[in-house]
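See below for the structure under consideration.
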Amino acid sequence: MRNPSNETLKDILQNSKTIAVVGLSDKPERTSYQIAKIMQENGYRIIPVNPTVDEVLGEKSYPTLAEVPESIDIINVFRRSEFLPDIAKDAIKTNCKIFWAQLGVENEEAYDILKEHDFTVIMDLCIKVVHAVQIGNS
17 MRNPSNETLK
27 DILQNSKTIA
37 VVGLSDKPER
47 TSYQIAKIMQ
57 ENGYRIIPVN
67 PTVDEVLGEK
77 SYPTLAEVPE
87 SIDIINVFRR
97 SEFLPDIAKD
107 AIKTNCKIFW
117 AQLGVENEEA
127 YDILKEHDFT
137 VIMDLCIKVV
147 HAVQIGNS
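When you read off a place in the sequence shown, starting at 1, and then add 16, the result is the number in our numbering.
Below you can see the structure in the form of structure tokens.
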């Protein structure tokens, strides 16, 4: 498994508007909430994907990626590594081609599934940190 270059990561963040956040919690103390909120404050549309909540950060939550009715630029995952293959299988049913697993989250089987479907795959990297380094915070 290998992540894209810093130039590619910067390009992804500059050209993306909508981030579906799988496992986004509605609890402000959770890392997923804090990072999604910062990304939202930096101009990204956040779409929560979590079957246990109705709304997060003022946005309607969807139970699965397949149920999100609009276009997704980045799928950002806050679930444990063992859940990645199933999430990857959901991801390939969407129109999105960028799959980003947060810091500490990686899975070779999921990586292979996604690469077979022409995804750009980022694993074990924090989207907020990469954004701060590559783009800067507003």
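Each residue gets a CB set at the ideal place from its N, CA and C atoms; glycine is no exception.
None of the values given here were measured: they were computed from a predicted structure.
8 Å Cβ shell around V84 - same chain, five flanking residues per side excluded: Correct list, in chain order: A36, I63, V65, Y78 and T110.
With 16 other Cβ atoms within 10 Å as the buried cut-off, status of G39: Under this definition G39 is a buried residue.
Straight-line gap, R61 to K144 (C-alpha atoms, nearest Å): Whole-angstrom Cα-Cα distance: 14 Å.
Reduced DSSP category for I129 - H, G, I as helix; E, B as strand; rest coil: Helix at I129.
Helix, strand or coil at N92 [DSSP, three-state]: Per DSSP, reduced to three states, the secondary structure at N92 is strand.
Of the listed residues I51, N58, R46 and D42, nearest to S32 (C-alpha basis): Comparing alpha carbon positions, the residue from I51, N58, R46 and D42 closest to S32 is N58.
Of the residues L73, P67 and L130, the one placed nearest Y49, counting alpha carbons only: Between Y49 and the set L73, P67 and L130, the nearest pair of CA atoms involves L73.
Alpha carbon of L29 to alpha carbon of M139, nearest angstrom: Rounded to whole angstroms, the gap between the alpha carbons of L29 and M139 is 15 Å.
Residues bridged to L107 (per DSSP): Residue identity differs from the one stated: residue 107 is Ala in this sequence, not Leu. As DSSP reads the structure, A107 sits in no beta bridge.
Between the CA atoms of N19 and K113 - distance to the nearest angstrom: Using only the alpha carbons, I get a separation of about 14 Å.
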